[in-house]
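**Q** Number 484 in the numbering used here belongs to position 480 of the sequence shown; there are no gaps in the numbering. By construction, the Cβ of each residue, glycine as well, lies at the ideal position given by its N, Cα and C atoms.
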Amino acid sequence: MEPLRQKLPVDISSFEKMRTEGYLYVDKTQHIYRMVTEGTFYFLSRPRRFGKSLLVSTLECLFQGRRDLFEGLWIAEQRDWDWQPHPVIFLDFNEIPGSSSEALREGLAFRLHQIADEFEVTLKAPGIEIFFLQLITSLYKKTGYPVVIVIDEYDKRIIEHLGKGQEHLEIAKGNRDVLKTFFGILKGQSISDKLRLVFLTGVSRFSKVSLFSDLNNLRDISMVESYVEMLGYTQTELEDVFAEQIENFAQKLGRTTAQVLETLAQKYNGYRFCDAPVRVYNPFSVLNAFNDLEFRDYWFESATPSFLVNLLRQEDYNLPQIEGLEVSRTIFTNFELENLWPEALLYQTGYLTIQNVQQGIYTLNYPNQEVKHAFTEALLLGLTARRSPAISSQVLKLPRYLRQEDFSEFFETMQTIFASIPYDIESQRDEAYFHTIFYLMMSASGMVEVQSSVLTSKGRIDLVVQFPEKIYIIEFKCNQSADAALRQIHEKHYTDKYRGSGKKIFLMGINFHQEQRNLEEWKVIPDQP
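(1) Which residue's Cα is closest to the Cα of residue 194: 146, 138, 238, 186?
(2) Could you give the distance in angstroms between the alpha-carbon of residue 173 and the alpha-carbon of residue 305?
(3) Of all the alpha helix (DSSP H) runs that stay within the bounds of the segment 126 to 176, which reach a length of 4 or more residues?
(4) Mark residue 459 as exposed unless 16 or more other C-beta atoms lie within 10 angstroms of its C-beta, in which case mark it buried.
(5) With which residues is residue 482 paired in a DSSP beta bridge?
(6) Using the Cβ count rule (16 or more neighbours within 10 Å means buried), how would you classify residue 122?
(7) Suppose the cutoff is 8 Å on Cβ atoms and the five residues either side in sequence are ignored; what does the same chain contact list for residue 62 look like?
(8) Report the partner residues of residue 470 according to the DSSP bridge assignment.
(9) Verify whether the separation of the beta carbon atoms of residue 49 and residue 289 is less than 8 Å.
(10) Is the distance from the Cβ of residue 246 to the Cβ of residue 156 below 8 Å?
(11) Report the CB separation of residue 419 from residue 522 in whole angstroms; it is logged as a contact under 8 Å.
(12) Out of 163, 249, 152, which one is the CA nearest neighbour of residue 198?
(13) Are residue 333 and residue 366 touching if we call contact CB-CB under 8 Å?
(14) Looking at residue 337: is its Cβ nearer than 8 Å to the Cβ of residue 209?
(15) Please report the Cβ distance between residue 224 and residue 47, rounded to the nearest whole angstrom; I am assuming they are in contact, meaning their Cβ atoms lie under 8 Å.
(16) Tell me where the beta strand (DSSP E) around residue 49 begins and ends.
(17) Restricting to Cα atoms, I'd like to know which of 493, 485, 483 is closest to residue 467.
(18) Is the distance from the Cβ of residue 474 to the Cβ of residue 435 below 8 Å?
(19) Let's see if you can read the secondary structure: which residues bound the alpha helix (DSSP H) around residue 530?
(20) Could you check whether residue 159 and residue 207 sit closer than 8 Å to each other, using their CB atoms as the reference points?
(21) Between the alpha carbons of residue 505 and residue 383, how many angstroms are there, rounded?
(22) Using beta-carbon positions only, say whether residue 68 and residue 89 come within less than 8 Å of one another.
(23) Which residues in the same chain as residue 234 place their Cβ atom closer than 6 Å to its Cβ, once the five residues preceding and following it in sequence are excluded?
(24) Whose C-beta lies closer than 6 Å to the C-beta of residue 232 among residues of the same chain, with five residues either side of it excluded?
(25) Using the rule of at least 16 other Cβ atoms within 10 Å of the residue's Cβ for burial, across every protein chain shown, is residue 56 buried or exposed?
(26) Comparing C-alpha positions only, which one of 501, 499, 483 sits nearest to residue 519?
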């Protein structure tokens, strides 16, 4: 009989449920303690499925004085922590409707009335703003303790309307304005003395723009180094807390624990939210992988980024440039409904993360294989208007053909995929277009390392595809010739960068025919030092 496995909190965001029903919990209370003892007003932005709701639930239980739930955790050992219960106002915007500004107001009013009933206080006010103010004041007077306000996914009823046309954009603006005035009452001096903690979570950063202009004392800790480990799992946490799951994984796959850890890191690690090189794992994907003992694209499967795909397509964005994208810090703090920046959206939603920081310039990249594989596949399907699984199966064959040096099958498959793209797709069929589709095909396989626009001392290589034992250096031309592409590789000495790798190197020249909308000619030759 197999021993009972530890219960994993897959899709559970209730701290009380986790602690009373014996689910595994990664102790984050030291980070929480630091935050709640250092200030009052906080905002934390993280991608979806990153543990924000569990953090909010933990704060709620902490300030309710539920000491029993924290037994064995770091904060329970702190003698200076006061377990005195405080009145807690918990607003979860996942449960508050936002189909219109009127629905949002009604939903907020209903939730505030619920909280008032729970504390047995009777309030009458002409609007949600005054009702909110009266609720805080009444709870403070009744209990004699300052109020704690925790708000989960404050931007839920704004961002759900993005990418759905002008009518939905107007709804988003209306909902934003409702929240602006609603939260605006928290900035008054008369109310601030009655507050112990105000904590908001969300995906997008509206700080320093319209929504939070009325709440200028809110501290955004989204990129503060001392808080980056409060959500997500560190390498140490992964190895210490999930030692049993790692061993089970290794036994099932017939691998060593070191090999399992390496794959976990490649698939789910890599998120960096500050200037310091601190990286964390996606908790949702890790928990699902340990629960199923499988490596799958769990985070991506939980939601398809159709809005982002459509936005990138409308903007005619240079998709191969996403890897190694260089931006200023402005994109992390600037989010306007009327002027959506693809770079900001890609970072805030978790499809890109910080790879490097140098002299104020932030280099962004995919955080891990899970995101790169799944997102590039979604982009490929979106740009080619294909939803059939046939194209995915064809894409998966491409790396195998390259690794086997079966070039005729490789290019025939490529031609088949290009020929399947509908003619009515609105995009300029130039070298950049073909480069983009080719790049997405290789990246979407998830089985090979692909780099685009690789910088060398003499120029930029269009595409580099690497296997453990061989490298392909690829140059594209449009309405020219494969020889012209190979000539550029030779003249720019692109191979010099890789000759010390010990790998077999191939040079690949590809020419596209603009009118035929397909590969016209290709040549592959081994490198001759």
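**A** Here's the rundown:
(1) Residue 194 has its Cα closest to that of 138, out of 146, 138, 238, 186.
(2) Residue 173 and residue 305: Cα-Cα distance of roughly 26 Å.
(3) Whole alpha helix (DSSP H) segments, 4+ residues: 132 to 147, 160 to 163.
(4) Within 10 angstroms of the beta-carbon of residue 459 lie fewer than 16 other beta-carbons, which makes it exposed.
(5) As DSSP reads the structure, residue 482 sits in a beta bridge with 516.
(6) Classification for residue 122: exposed.
(7) Within its own chain, the residues whose Cβ lies closer than 8 Å to the Cβ of residue 62, once the five positions on either side in sequence are excluded, are 19, 32, 33, 36, listed in chain order.
(8) Residue 470 is bridged to 453, 475.
(9) Not in contact: residue 49 and residue 289 (Cβ atoms no closer than 8 Å).
(10) In this structure, residue 156 does not lie closer than 8 Å to residue 246 by Cβ.
(11) Confirmed, Cβ separation roughly 6 Å.
(12) Cα-wise, what sits closest to residue 198 is 152.
(13) In this structure, residue 333 lies near residue 366, with their beta-carbon atoms less than 8 Å apart.
(14) Cβ atoms of residue 337 and residue 209: closer than 8 Å.
(15) Residue 224 to residue 47, Cβ: 5 Å. Contact.
(16) DSSP places residue 49 inside the beta strand (DSSP E), whose first and last residues are 45 to 49.
(17) In terms of Cα proximity to residue 467, the closest of 493, 485, 483 is 493.
(18) Their beta carbons are not under 8 Å apart, which means residue 474 does not touch residue 435 by this criterion.
(19) For residue 530, no alpha helix (DSSP H) run applies; the uninterrupted beta strand (DSSP E) run containing it begins and ends at 522 to 530, by DSSP.
(20) Yes. Within cutoff.
(21) Roughly 31 Å between the two C-alpha positions.
(22) Result yes, Cβ atoms of residue 68 and residue 89 sit closer than 8 Å.
(23) Same-chain partners within the cutoff: 32, 35.
(24) If we look at residue 232 and ignore the five residues flanking it on each side, its Cβ neighbours are 277, 278, 282.
(25) Buried.
(26) Per the Cα distances, 483.
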